[in-house]
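The sequence shown maps to residues 278 to 824 in this note's numbering. Yeah, the Cβ is synthetic: ideal placement off N, Cα and C, and Gly gets one too. Since this is a predicted model, take the numbers as computed values, not measurements. Have a look at the structure below before the remarks.
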Amino acid sequence: IPFLLEENKDLIALAQTGTGKTAAFGLPSIQEIDFKLKQVQVIVLCPTRELCIQISKDLISYSKYLKNIKTVPVYGGVSIENQVKSIKKGAQIIVGTPGRTKDLINRKILKLNVVNRVVLDEADEMLSMGFKDDLDFILDKTSKNRQTMLFSATMSKEVLSISKKYMKGAKEITVSKVNSGAKNVEHHIYNVSSKFKYEALKRISDYNPNIYGIVFCRTRRETKDIANKFINEGYNADAIHGDLSQNQRDEVMSRFRDRSLQLLIATDVAARGLDVDDLTHIINYTLPDDPEIYIHRSGRTGRAGKNGISIAITNSRDGRKIKLIENKSQIKFLNKDIPSGKDICSKQLFKLIEKIEKVDVDDKQIEPFLDDIYKKLEWLSREDLIKHFVSAEFNRFLDYYKNSGNINNNGLSKHKEKKFNRESYSNFSINIGRKQGLSPIELISIINRTLKSNEIEIGGIDIRESYTIFEIDSKVKSDLINKIKKTDYNGIDLKIIESKEKIGKKFSKRKKNKTFFSKKKRKKRSDKNFIFRDNVKVKRKKKKNRF
Numbered sequence: 278i279p280f281l282l283e284e285n286k287d288l289i290a291l292a293q294t295g296t297g298k299t300a301a302f303g304l305p306s307i308q309e310i311d312f313k314l315k316q317v318q319v320i321v322l323c324p325t326r327e328l329c330i331q332i333s334k335d336l337i338s339y340s341k342y343l344k345n346i347k348t349v350p351v352y353g354g355v356s357i358e359n360q361v362k363s364i365k366k367g368a369q370i371i372v373g374t375p376g377r378t379k380d381l382i383n384r385k386i387l388k389l390n391v392v393n394r395v396v397l398d399e400a401d402e403m404l405s406m407g408f409k410d411d412l413d414f415i416l417d418k419t420s421k422n423r424q425t426m427l428f429s430a431t432m433s434k435e436v437l438s439i440s441k442k443y444m445k446g447a448k449e450i451t452v453s454k455v456n457s458g459a460k461n462v463e464h465h466i467y468n469v470s471s472k473f474k475y476e477a478l479k480r481i482s483d484y485n486p487n488i489y490g491i492v493f494c495r496t497r498r499e500t501k502d503i504a505n506k507f508i509n510e511g512y513n514a515d516a517i518h519g520d521l522s523q524n525q526r527d528e529v530m531s532r533f534r535d536r537s538l539q540l541l542i543a544t545d546v547a548a549r550g551l552d553v554d555d556l557t558h559i560i561n562y563t564l565p566d567d568p569e570i571y572i573h574r575s576g577r578t579g580r581a582g583k584n585g586i587s588i589a590i591t592n593s594r595d596g597r598k599i600k601l602i603e604n605k606s607q608i609k610f611l612n613k614d615i616p617s618g619k620d621i622c623s624k625q626l627f628k629l630i631e632k633i634e635k636v637d638v639d640d641k642q643i644e645p646f647l648d649d650i651y652k653k654l655e656w657l658s659r660e661d662l663i664k665h666f667v668s669a670e671f672n673r674f675l676d677y678y679k680n681s682g683n684i685n686n687n688g689l690s691k692h693k694e695k696k697f698n699r700e701s702y703s704n705f706s707i708n709i710g711r712k713q714g715l716s717p718i719e720l721i722s723i724i725n726r727t728l729k730s731n732e733i734e735i736g737g738i739d740i741r742e743s744y745t746i747f748e749i750d751s752k753v754k755s756d757l758i759n760k761i762k763k764t765d766y767n768g769i770d771l772k773i774i775e776s777k778e779k780i781g782k783k784f785s786k787r788k789k790n791k792t793f794f795s796k797k798k799r800k801k802r803s804d805k806n807f808i809f810r811d812n813v814k815v816k817r818k819k820k821k822n823r824f
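Spelled out as C-alpha cells, the structure:
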C-alpha cells in the first residue's frame, strides 16, 4: 500500500490467496479516484465470476463513506443489459472477467480513454484458463501511460511474458516466499491402496465432525462421483463442476458459504476464484502434478492467523510428487494413520454428547410436553435412559464401523508398497458383484464379520457384474468356506468356491491356433527367389520385362 500511494510505477506482487491483495490495490485506487469524473478510471480483471463479485463487495465496503464513487462488477453467465445500464449511470471502477470486459469494449459501452490504472488479479489463473488473447486485447486498448498492477500466486513463464510486454520498470514485491506454504497449516499424508481412497475420505470426514473444507479432485467425473456418493450417504456435501449452470453454481456456493454444506467437492478449474474464510481442511483426493498447485490449494486454509490442515490421500505411486512438493517448498508432510472405526465412533459420540450439553433449553416451549414425557420414561433408570438415547441416535453409525478393517498401507513412509506374495493366497469366487451393489470395503466387512476378525490378509478384489473374484490368506480358507454358508448379503445367501480366474483378467481356455510355419520358416519366406504354394517351397519365376 505505501508503494502504490507514493509511486506511480507498475507493480508485480507475488502473494498467495488470502493475504489481503484486494485491500492492497483497492485502497490506493480509491484514494486516487477523481470523484467529479463520472467515467471509468480503474479496471480490475480477475478470472471468475465469484472473485469478481467478492472484489466488488470489498471495494464498495472500502468506499462506503465516500459519496459519488461507484463500483460495477461485470461478468458472464447473466444478462448484459443490467451491467450496461449500471455503467451508463456513471462508474469509476469496473471489476470484470476478461471475456465480458472485452465484450463491453467491443459494444463501445465500456470506454477506456481515461483509465489510468489496470489491475490483473490472479494473473496466473487467468492465463491458465486461456484468457491471454482477451487480456492482450484489453491492455492494448488502454493508455500506454497507465499504471499496471499484476497480482499472482506464482510467477509462471506466461505471467513473466505478459509483465515484460505491458509493464515498464515494474517493482516486484513478494509477500511470502515463493513456493512456500503457510506456517500455520499442517500437512498430513494418509496412505492407502487406490481401491480404498473413497473409504479413507469418508473416515477422515467422520473423524473430524466439525470439518469445513474443500475436497480437490482431478477430473469432473471424479468430482461428481464422490459428491453423489456423499449425498446419498447423508453427508452435508455437494460439488461444483463445469456441468452446472451459473444459477446452480451460485446456489451451491451460497449453501457452502453459510455452512449448510460442510464439504465442497471441486476441481481446480471449478474452484478458481472461490474466496471462503475459516476453512478448517483442504483435502487432496488426488495430488496435483505441479507442486505450486498444491501450495495454492493448501493456502485456502489457515488464514488470518488461524490454524488449518491440508490432507493428501496418497498411494505408493505418489512418493515422487510428495518429495517434489517438499523439495520446492518449506512444507514437511506428517504421515498419519486412517482412523479406526472405534476412534471414529468415539469422536462422533462425544460430539453428540457435547451438542446435548450445550443446547439451549427453552423451558416455556417444552413445558406443555414434559409431564407426558416423564410418565413415558419413568420406568427407565438414568443409566438406561442414556443407553437408549445413544442407541437411538447412534446405532446406524455403530453398525457401519463395528467391523471396519484397517485400510492403511503399512510401512509406506518411504512411499513403497510391501511386495505381495500370491503363493500364500487362495483365489475365491463369491456369488455377488456390481449388480448387487457390492464394493471392496463391503466385501472386506463381510469377511471380517464372518471370521470375527479385522486382521485377515486380503489381496486383490475384482468385482464383476454378478460375482466377484478375491484373494485371501490360505490359512483361513477352510474356515471361510464353512462359515460363510450361514451369511447373507441384502437377503442373498452367500456361496463361495475356489477359483482359477486371475484378478483383473478373464482368461479364455480356448487355445490359440498355431500357424503352419515356425519363426525360422517365416524368415525364409522373405527370400526373394522363392515362394510357398500349398506349404511347398517353389522357385519364383522371373518376370519378363514388358518393355
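If you draw a straight line from the C-alpha of Ala368 to the C-alpha of Gln318, how long is it?
Counting from one through the sequence shown, the residue named residue 368 turns up at place 91. Counting from one through the sequence shown, the residue named residue 318 turns up at place 41. Their Cα atoms are separated by approximately 8 angstroms.
For the beta strand (DSSP E) that contains Glu309, what are its first and last residues?
To locate residue 309, count along the sequence shown from 1; it is residue 32. Looking at the DSSP string, Glu309 is not in any beta strand (DSSP E), and its letter there is neither H nor E.
Straight-line gap, Thr299 to Lys315 (C-alpha atoms, nearest Å):
Along the sequence shown, read from residue 1 onward, the residue named residue 299 stands at position 22. Along the sequence shown, read from residue 1 onward, the residue named residue 315 stands at position 38. So the two alpha carbons sit approximately 23 angstroms from each other.
Taking all protein chains shown into account, decide if Ile289 is buried (16 or more other Cβ within 10 angstroms of its Cβ) or exposed.
For the purposes of this step, residue 289 is taken as the residue at position 12 of the sequence shown. With 16 or more other Cβ atoms inside 10 Å of its own Cβ, Ile289 counts as buried.
Of all the alpha helix (DSSP H) runs that stay within the bounds of the region 651-685, which reach a length of 4 or more residues?
Unbroken alpha helix (DSSP H) stretches of 4 residues or longer found wholly inside the region 651-685: 659-678, given in chain order.
Are the beta-carbon atoms of Ile450 and Leu397 separated by less than 9 angstroms?
The residue you call residue 450 lines up with position 173 of the sequence shown. The residue you call residue 397 lines up with position 120 of the sequence shown. The criterion of a C-beta distance shorter than 9 angstroms is not satisfied by Ile450 and Leu397.
Sorted by chain position, which residues of the same chain lie with C-beta nearer than 6 angstroms to His558's C-beta, five sequence neighbours on each side aside?
Here the question's residue 558 lines up with position 281 in the sequence shown. These residues qualify, in order along the chain: Ile488, Gly490 and Ile586.
Express the C-alpha separation of Asp648 and Tyr571 in angstroms, rounding to a whole number.
The sequence position of residue 571 within the sequence shown is 294, counting from 1. The sequence position of residue 648 within the sequence shown is 371, counting from 1. Whole-angstrom Cα-Cα distance: 58 angstroms.
Helix, strand or coil at Cys835 [DSSP, three-state]
Any question about residue 835 goes unanswered here, given that the chain covers just 278 to 824.
Just how far apart, CA to CA, sit Leu689 and Lys605?
Start at 1 with the first residue of the sequence shown, and residue 689 comes out as number 412. Start at 1 with the first residue of the sequence shown, and residue 605 comes out as number 328. Reliability of the predicted coordinates at Leu689 is poor, the pLDDT of 41 falling under 50, and the value obtained from them is presented with this limitation in mind. In a straight line, the C-alpha of Leu689 is about 22 angstroms away from that of Lys605.
Terminal residues of the continuous beta strand (DSSP E) containing Asp639?
Within the sequence shown, numbered from 1, the residue matching residue 639 stands at position 362. It is not in any beta strand (DSSP E) - Asp639 carries neither H nor E in the DSSP assignment.
So if DSSP puts Thr494 in a beta bridge, which residue, or which two residues, is it bridged to?
One-based indexing of the sequence shown puts residue 494 at position 217. It should be noted that the sequence gives Cys, not Thr, for residue 494. For Cys494, which the question treats as bridged, DSSP gives the partners Thr544.
Please list, in chain order, all residues of the same chain as Thr500 whose beta carbon is under 7 angstroms from its beta carbon, the five residues on each side excluded.
Position 223 of the sequence shown holds residue 500. Around Thr500: Cys494, Ala516, His518, Ile542, Ala543 and Thr544.
Local Cβ density within 10 Å of Tyr651, reported as buried at 16 or more and exposed below that
Position 374 of the sequence shown, counted from the first residue, corresponds to residue 651. Looking at its Cβ environment, which holds fewer than 16 other Cβ atoms inside 10 Å, Tyr651 is exposed.
Have a look at Pro568 and Tyr342 and give me their C-alpha separation to the nearest angstrom.
The residue given as residue 568 occupies position 291 in the sequence shown. The residue given as residue 342 occupies position 65 in the sequence shown. Each residue's alpha carbon lies about 43 angstroms from the other.
Please identify the residue among Asn468, Arg659 and Ile382 whose C-alpha is closest to the C-alpha of Asn683.
Residue mapping note: residue 683 aligns to position 406 of the sequence shown, counting from 1. Checked all of Asn468, Arg659 and Ile382; the closest Cα to Asn683 is Asn468.
Cβ separation of Gly710 and Glu742, assumed to be a contact under 8 angstroms, to the nearest whole Å
Counting from 1 along the sequence shown, the entry for residue 710 is found at position 433. Counting from 1 along the sequence shown, the entry for residue 742 is found at position 465. Contact flag correct, Cβ pair sits at about 5 angstroms.
Rounded separation between Gly407 and Asp520 - CA only
For this step, residue 407 is matched to residue 130 along the sequence shown. For this step, residue 520 is matched to residue 243 along the sequence shown. Approximately 19 angstroms, taken between the alpha carbons.
Whole angstroms are fine: how far does the CA of Asp380 sit from the CA of Leu282?
Indexing the sequence shown from 1 puts residue 282 at position 5. Indexing the sequence shown from 1 puts residue 380 at position 103. If you take the alpha carbons of Leu282 and Asp380, they lie about 32 angstroms apart.
What does the alpha-carbon distance come out to for the pair Ala669 and Leu629?
The residue given as residue 669 occupies position 392 in the sequence shown. The residue given as residue 629 occupies position 352 in the sequence shown. Whole-angstrom Cα-Cα distance: 12 angstroms.
Considering only C-alpha positions, which residue in the set Met530, Ile599 and Asp502 is nearest to Ile330?
By 1-based counting over the sequence shown, the position of residue 330 is 53. Distances from the CA of Ile330 to each of Met530, Ile599 and Asp502 were compared; the closest alpha carbon is that of Met530.
Tell me whether Met426 sits in a helix, a strand or coil according to DSSP, three-state version.
In the sequence shown, the residue the question calls residue 426 occupies position 149. It is a strand residue.
Residue(s) in a DSSP beta bridge with Lys344
Position 67 of the sequence shown, counted from the start, is the residue given in the question as residue 344. Beta bridge pairing from DSSP links Lys344 with no other residue.
So, at 6 angstroms on beta carbons, what are the nonlocal neighbours of Glu284 in its own chain, with the 5 sequence-adjacent residues on each side left out?
Translated into positions along the sequence shown, residue 284 becomes position 7. The answer is none, since no qualifying residue turns up.
Among Ala581, Tyr562, Asn686 and Arg534, nearest to Val553 - alpha-carbon criterion
As a position in the sequence shown, residue 553 is number 276, starting the count at 1. Taking the Cα of Val553 as reference, the smallest distance to any Cα among Ala581, Tyr562, Asn686 and Arg534 is reached at Arg534.
Tell me the rounded alpha-carbon separation between Ile735 and Ile590.
Numbered from 1 along the sequence shown, position 458 holds the residue referred to as residue 735. Numbered from 1 along the sequence shown, position 313 holds the residue referred to as residue 590. Pairing Ile735 with Ile590, the inter-Cα distance amounts to about 21 angstroms.
The region 415-425 contacting the region 560-567, beta-carbon criterion three pairs below 8 angstroms:
In this structure the region 415-425 does not lie against the region 560-567, because fewer than three pairs of beta carbons, one per stretch, are closer than 8 angstroms.
Report the partner residues of Pro350 according to the DSSP bridge assignment.
The residue labelled residue 350 in the question sits at position 73 within the sequence shown. Bridge partners of Pro350: Val372.
Beta-carbon spacing of Ile740, Ser716 below 9 angstroms
Position 463 of the sequence shown, counted from the start, is the residue given in the question as residue 740. Position 439 of the sequence shown, counted from the start, is the residue given in the question as residue 716. A contact, by the Cβ cut-off of 9 angstroms.
Sort out for me which residues DSSP pairs Asn330 with in a bridge.
Taking the first residue of the sequence shown as position 1, residue 330 is located at position 53. What sits at residue 330 in the sequence shown is Ile, not Asn. Ile330 pairs with nothing; no bridge assigned.
With distances taken Cα to Cα, identify the nearest neighbour of Lys583 among Glu463, Gln523, Asn359 and Leu720.
In the sequence shown, counting from the first residue as 1, residue 583 sits at position 306. With distances taken between Cα atoms, Lys583 lies closest to Glu463.
Uninterrupted alpha helix (DSSP H) stretches inside the region 593-646 (no shorter than 4 residues):
Entirely contained in the region 593-646, the alpha helix (DSSP H) runs reaching 4 residues are, in chain order, 596-604 and 618-635.
DSSP state of Tyr702 mapped onto helix, strand, coil:
Counted from its first residue, the sequence shown places residue 702 at position 425. Strand at Tyr702.
Buried or exposed by the 16-neighbour rule on C-beta atoms within 10 Å, applied to Ile633
Counting from one through the sequence shown, the residue named residue 633 turns up at place 356. That one is exposed.
If the criterion is Cβ atoms closer than 9 angstroms, does the pair Gly737 and Tyr677 meet it?
The residue you call residue 737 lines up with position 460 of the sequence shown. The residue you call residue 677 lines up with position 400 of the sequence shown. Taking a C-beta distance under 9 angstroms as the contact criterion, Gly737 and Tyr677 do not qualify as a contact pair.
What span of residues does the alpha helix (DSSP H) with Arg532 cover, start to end?
For the purposes of this step, residue 532 is taken as residue 255 along the sequence shown, with counting starting at 1. Taken as a continuous stretch (DSSP letters only), the alpha helix (DSSP H) holding Arg532 covers Gln523 to Arg534.
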